[in-house]
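Enquirer: So our numbering is basically just the index in the first sequence, starting at one, shifted up by 53.
Glycine included, C-beta positions come from ideal geometry on N, C-alpha and C.
Attaching a single structure in structure tokens format; questions to follow.
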Amino acid sequence: MASPNVLTPQAEDFPKWYQDVVAKAEMADNGPVRGTMVIRPYGYAIWERMVAEVDQRIKKTGAQNAYFPLFIPQSYLAREAEHIEGFSPELAVVTIAGGEELAEPIVVRPTSETVIGEYMAKWVQSHRDLPLLLNQWANVVRWELRPRLFLRSSEFLWQEGHTAHASAEDASSYALRIHTEVYNDFLTSILAVPTLLGIKPPSERFAGATNTMTCEGMMRDGKALQMATSHELGQNFAKAFDIVFQNDAGESAHCFTTSWGASTRMVGGLIMAHGDDNGLVVPPRLAPIQVVILPVREGDEAVDAACAQLAATLEANEVRVTLDKGRGSFGRRTTDWEIKGVPLRLEVGPRDLAEGLVTMVRRDTNEKISVALDAVAGAISHALGAMQADMLAAATARRDDRITTVSTVAEAIEASQNGFARLSWSLVTPEIEKQLKGEALTVRCLQRADGSIPLSDTEDGLTCIIAKSY
RNA sequence: CGGGAAGUGGCGCAGCUUGGUAGCGCACCUGGUUUGGGACCAGGGGGCCGCGGGUUCGAAUCCCGCCUUCCCGACCA
54 MASPNVLTPQ AEDFPKWYQD VVAKAEMADN GPVRGTMVIR PYGYAIWERM
104 VAEVDQRIKK TGAQNAYFPL FIPQSYLARE AEHIEGFSPE LAVVTIAGGE
154 ELAEPIVVRP TSETVIGEYM AKWVQSHRDL PLLLNQWANV VRWELRPRLF
204 LRSSEFLWQE GHTAHASAED ASSYALRIHT EVYNDFLTSI LAVPTLLGIK
254 PPSERFAGAT NTMTCEGMMR DGKALQMATS HELGQNFAKA FDIVFQNDAG
304 ESAHCFTTSW GASTRMVGGL IMAHGDDNGL VVPPRLAPIQ VVILPVREGD
354 EAVDAACAQL AATLEANEVR VTLDKGRGSF GRRTTDWEIK GVPLRLEVGP
404 RDLAEGLVTM VRRDTNEKIS VALDAVAGAI SHALGAMQAD MLAAATARRD
454 DRITTVSTVA EAIEASQNGF ARLSWSLVTP EIEKQLKGEA LTVRCLQRAD
504 GSIPLSDTED GLTCIIAKSY
């Protein structure tokens, strides 16, 4: 256990705890311009792991990576009325470049539906060109009034997928496939964050979408965080950008498009879904460092040799392992790795070594197990697997404890002070949504009674999740 | 963008009321003793006090403007 005063306890001040973890785990710093973020090597290593896992899943669905420009003509955004209306307040616009006032202002992309739409129109001629499945990893800029590291920064990193299809059904099923096979699978099986899948109410839809799906996660303070999102755009952008194809009967038709994204916000979600008073807890399958080998004292030849041997063995078993430098007190080094959330520590000291043992400690439970030197590889592999499963189970239990099914709006407001309220969607009128807003609450998503994703907000028998959110 | 709080070595803070040129803890460097849950002793280094203006013989301290951060709201991945 970390000594007191390393981090602000969660129960005392959750936002302060979050900042402490971001700083002390060396995840990120504020940038010099308000809302900007410097991602430090450890934070970036975690992001890179997310990128690798998500990218691999995206490619499995058939999408290909490409890259589109940062700068977008302002007129492009204006072509889709809802889109420009939704994004205008958040845009950073370049009006001077090369020392001259520009004839047409250039927008720094807040998202790339518009530029990509322009090129889709160029590239799509026939139904044989469809579906067109594109993805890009990029930075985007949305000027934020209230920034928070990872959760809401004015510039952030993400992946944005953009696809064009011949039919509404094809677009819809692809967006759903991304939602479940890419996002939800990544979130649950790698990030160990259980999700509630649903659609956004019309008031919360992406600007220009006909349907927005969301993966809502619950943080340890009971607030909701949208971890990823997937949109059906209907023919809105196809009409604005003339994305037209000839079908097999030789007739012209507008495509149906989708877009979907997941961002560095997931790093914030990781911190807040799993972190505890001792710091970050990174699930093993995500962790850039899965095991740290920690010599109890420096300069002990037997210990150093055993550490080197263990590192080699684990590397050969494809475990992502780091050898602690052994400088400074044992307690200090232990605490530092604990704050970084490394799943397993292997403590190697002369006492254990004399008996042919090392001590393995799990970050999530602090459970200490003595392991024989020649059994380390197997024990590590087993512990990594167990910890991954236990973290998802624990997060799921915490979440379910905090979801209350209620039957009135007043009860929903009460129940959502410390968690999620589940209420019949039929009780939520636009006036009620306003009332909720006054209580700092929003409808996070709509679900069918069985928790599955509805096709539309007008289906009968839907429930909604009401919560505070980040 | 509105309402609150705050910016002083890397981090956390004191000093400001009653102007006189900066201090503490942690971190850092050197040496030694240590090392099984944030070690100890000794000796060191580092700050034009967020930025810009003003008042004054003199400003961390008083006045004005701006920037940044945090909390609460409206907007959002």
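Where does glycine 332 sit, in a helix, a strand or coil, going by DSSP?
Expert: Three-state DSSP puts glycine 332 in a strand.
Enquirer: What residue does the beta strand (DSSP E) around methionine 103 start on, and which one ends it?
Expert: First-last for methionine 103: 94-113, but that is the alpha helix (DSSP H), not the beta strand (DSSP E).
Enquirer: Buried or exposed: which applies to phenylalanine 294, given that a residue is buried once 16 or more other Cβ atoms fall within 10 Å of its Cβ?
Expert: Burial call: buried.
Enquirer: I think isoleucine 267 touches glutamate 285, with their Cβ atoms under 8 Å apart; what is that distance to the nearest whole Å?
Expert: Here residue 267 turns out to be threonine, not isoleucine, going by the sequence shown. Not a contact, Cβ separation roughly 13 Å.
Enquirer: I want to know whether the segment 322-335 touches the segment 67-78 - three or more CB-CB distances under 8 Å.
Expert: The segment 322-335 is in contact with the segment 67-78.
Enquirer: DSSP has serine 283 in a bridge; who is on the other side?
Expert: Note: serine 283 sits in a beta bridge opposite Met266 and Trp313.
Enquirer: Does the segment 343-357 touch the segment 89-107, meaning 3 or more C-beta pairs lie closer than 8 Å?
Expert: Cβ pair count under 8 Å is below three, so no.
Enquirer: What's the call for phenylalanine 124, buried or exposed, on a 16-neighbour Cβ count within 10 Å?
Expert: The residue is exposed, with fewer than 16 neighbouring Cβ atoms inside 10 Å.
Enquirer: What does the alpha-carbon distance come out to for the pair valine 297 and threonine 310?
Expert: Approximately 11 Å between the Cα atoms of the pair.
Enquirer: Here's a check: name, in chain order, each residue in its chain whose Cβ is nearer than 6 Å to the Cβ of alanine 228, leaving out the five neighbours to either side.
Expert: These residues qualify, in order along the chain: Ser283, Glu285 and Thr311.
Enquirer: Assuming valine 193 and phenylalanine 209 are in contact, meaning their beta carbons sit under 8 Å apart, how far apart are those beta carbons, in whole angstroms?
Expert: At roughly 6 Å, the Cβ-Cβ gap stays under 8 Å, so valine 193 and phenylalanine 209 are in contact.
Enquirer: Determine contact between the segment 395-403 and the segment 351-361, defined as no fewer than three beta-carbon pairs at a distance below 8 Å.
Expert: Touching, per the Cβ criterion.
Enquirer: Rounding to the nearest angstrom, what Cα-Cα distance links alanine 450 and threonine 248 in this structure?
Expert: Going by the C-alpha atoms only, they are around 12 Å apart.
Enquirer: Runs of 3 residues minimum, wholly inside the segment 465-499: which ones carry the beta strand (DSSP E) assignment?
Expert: For the segment 465-499, whole beta strand (DSSP E) runs of length 3 or above, ordered along the chain, are 473-477.
Enquirer: Do the segment 326-342 and the segment 184-204 make contact, defined as three or more Cβ pairs closer than 8 Å?
Expert: Output reads no: the segment 184-204 does not touch the segment 326-342.
Enquirer: Pick helix, strand or coil for lysine 393, following the three-state DSSP scheme.
Expert: Coil.
Enquirer: Quick one: what's glutamate 153 bridged to in DSSP?
Expert: According to DSSP, glutamate 153 bridges with Ala150.
Enquirer: Are at least three pairs of beta-carbons, each pair with one atom in the segment 473-482 and one in the segment 457-464, less than 8 Å apart?
Expert: Result yes; three or more Cβ-Cβ pairs closer than 8 Å.
Enquirer: For isoleucine 137 versus alanine 131, is the C-beta distance shorter than 7 Å?
Expert: Yes, the pair counts as a contact, with Cβ atoms nearer than the cut-off.
Enquirer: In the DSSP assignment, what residue or residues form a beta bridge with histidine 180?
Expert: The partner list for histidine 180 (beta bridge, DSSP) is empty, contrary to what the question assumes.
Enquirer: So what's threonine 167 in DSSP terms, helix, strand or just coil?
Expert: If DSSP states are grouped into helix, strand and coil, threonine 167 belongs with the helices.
Enquirer: Would you mind stating whether valine 395 and valine 372 have Cβ atoms separated by less than 7 Å?
Expert: Their beta carbons are not under 7 Å apart, which means valine 395 does not touch valine 372 by this criterion.
Enquirer: Quick check: what's the CA-CA separation for threonine 388 versus alanine 364?
Expert: The alpha-carbon atoms of threonine 388 and alanine 364 are separated by roughly 21 Å.
Enquirer: Let me confirm a value: isoleucine 111 is counted as buried when at least 16 other C-beta atoms fall within 10 Å, else exposed. Which label applies?
Expert: Buried, because 16 or more other Cβ atoms sit within 10 Å of the Cβ of isoleucine 111.
Enquirer: Between the alpha carbons of glutamine 288 and serine 469, how many angstroms are there, rounded?
Expert: Approximately 36 Å, taken between the alpha carbons.
Enquirer: Between lysine 378 and tryptophan 390, what straight-line distance do the alpha-carbon atoms span, to the nearest angstrom?
Expert: Using only the alpha carbons, I get a separation of about 12 Å.
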